[in-house]
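Numbering (the numbering used here), first residue to last: 57 to 226. Even for Gly, the Cβ is constructed at its ideal location relative to N, Cα and C. For clarity, every value in this text was computed on a predicted model and none was experimentally measured.
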Amino acid sequence: KLNLSEEEYLEVIKRKTAVLIQGACQSGAILAKVSKEKQEALNQYGFHLGMAFQMADDLLDYTASAKELGKNPGADMREGKLTLPLIHSLANAAPDDKIWMQDAITAPEFNKDQFEKLKEKLYLYKGIEYTFDRAKGHVKRAKACLDGFNDCQSKQLLCWIADYSIARKV
């Protein structure tokens with residue numbers, strides 16, 4: 057779907073990834089018998105971690121090598137998945153570039169040179185930067201959810217996990 061909006065994309069990744077991680081974090085909080093306030097904090101931590109993780113995962117399709125990914129870069133796009141780097145770049149591209157990008161995305165065959173040119177467009181129109189900034193914002197919000205917890209090894213680990221979610225290469 058070439059006209060997927062950013063809001064629709066956010067809803068997709070919320071349902072695909074964020075609620076899964078959110079549920080895992082909330083379940084852990086319930087099993088640990090923490091207060092309702094801390095349960096909600098961990099619930100929100102999980103939501104923001106999931107959003108950041110999925111945005112970073114979507115970036116890897118354009119920023120990581122085949123060796124790092126364990127698959128060919130661009131796989132999401134070849135499967136017809138429009139992700140935030142593409143959505144943002146398409147929305148901001150010059151008309152000629154937008155047409156080229158749309159044609160490239162929908163082409164039945166897609167070679168390495170076309171993919172490299174598409175990546176150049178994603179950098180040119182700030183799709184990569186924008187997505188990374190959005191992911192960093194979710195990491196910041198995830199870590200802020202932990203402010204009500206005492207400093208300890210578990211809190212440090214949760215902060216590290218949040219940071220790692222956008223720093224990973226695989």
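* To do: Evaluate the contact criterion for the region 151-163 versus the region 184-192: three or more CB pairs, one atom per stretch, below 8 angstroms.
  => no
* Can the beta-carbon of residue 221 be found closer than 7 angstroms to that of residue 103? -> Position 165 of the sequence shown, counted from the start, is the residue given in the question as residue 221. Position 47 of the sequence shown, counted from the start, is the residue given in the question as residue 103. For the pair residue 221 and residue 103, the CB atoms are not nearer than the 7 angstroms cut-off.
* Going straight from the alpha carbon of residue 112 to that of residue 139, what length do you get? -> Taking the first residue of the sequence shown as 1, we reach residue 112 at position 56. Taking the first residue of the sequence shown as 1, we reach residue 139 at position 83. Whole-angstrom Cα-Cα distance: 11 angstroms.
* Asked: Closest to residue 91 by CA distance: which of 204, 216, 210 is it?
  -> Taking the sequence shown and counting its residues from 1, the one referred to as residue 91 is at position 35. Closest by alpha carbon: 204.
* To do: Measure the alpha-carbon distance for residue 212 versus residue 107 and round it to whole angstroms.
  => Taking the sequence shown and counting its residues from 1, one reaches residue 212 at position 156. Taking the sequence shown and counting its residues from 1, one reaches residue 107 at position 51. Cα-Cα distance, rounded: 20 angstroms.
* Skipping 5 residues on each side, what residues in its chain have a beta carbon closer than 7 angstroms to that of residue 207? -> For the purposes of this step, residue 207 is taken as the residue at position 151 of the sequence shown. Nothing meets the Cβ criterion.
* Asked: So which of 191, 117, 177 has the shortest CA-CA distance to residue 148?
  -> As a position in the sequence shown, residue 148 is number 92, starting the count at 1. It is 177 whose Cα lies nearest to the Cα of residue 148.
* Where residue 75 sits in the DSSP three-state scheme -> The residue you call residue 75 lines up with position 19 of the sequence shown. Helix, per DSSP.
* Should residue 85 go down as buried or exposed, given a rule of 16 or more other Cβ atoms within 10 Å for buried? -> For the purposes of this step, residue 85 is taken as the residue at position 29 of the sequence shown. It is buried - the Cβ of residue 85 has at least 16 other Cβ atoms within 10 Å.
* In three-state DSSP terms, what is residue 62? -> Within the sequence shown, the letter at position 6 stands for residue 62. Of the three classes helix, strand and coil, the one that applies to residue 62 here is helix, per DSSP.
* Beta carbon of residue 68: closer than 6 angstroms to some heavy atom of the ligand SAM? -> Absence of the ligand SAM from the depicted structure is noted, as is the absence of any ligand whatsoever, leaving it without description.
* Determine the burial state of residue 168: buried for a count of at least 16 other Cβ atoms within 10 Å of its Cβ, exposed for fewer. => For the purposes of this step, residue 168 is taken as the residue at position 112 of the sequence shown. Residue 168 should be labelled exposed.
* To do: Measure the Cβ-Cβ separation of residue 228 and residue 218 and say whether it is below 7 angstroms.
  => Within the shown structure, residues of the chain are numbered from 57 to 226, placing residue 228 beyond reach of any answer.
* Going by Cα to Cα distance, which pick from 127, 125, 143 is closest to residue 181? -> As a first step, residue 181 is located in the sequence shown; it is residue number 125 there, counting from the start. It is 143 whose Cα lies nearest to the Cα of residue 181.
* Asked: With 16 other CB atoms within 10 Å as the buried threshold, where does residue 145 fall?
  -> Here residue 145 refers to the residue found at position 89 of the sequence shown. Residue 145 comes out buried.
* Is residue 159 helix, strand or coil by DSSP? -> Taking the first residue of the sequence shown as 1, we reach residue 159 at position 103. Residue state for residue 159 is assigned as helix, using DSSP reduced to three classes.
* Distance between residue 89 and residue 63 (C-alpha atoms, nearest Å) -> Stepping through the sequence shown from its first residue, residue 63 is reached at position 7. Stepping through the sequence shown from its first residue, residue 89 is reached at position 33. The alpha-carbon of residue 63 is positioned some 35 angstroms away from that of residue 89.
* Output yes or no for whether 7 angstroms exceeds the beta carbon distance between residue 171 and residue 136. => By one-based count along the sequence shown, residue 171 stands at place 115. By one-based count along the sequence shown, residue 136 stands at place 80. No; because the gap between Cβ atoms is not below 7 angstroms, this pair is not in contact.
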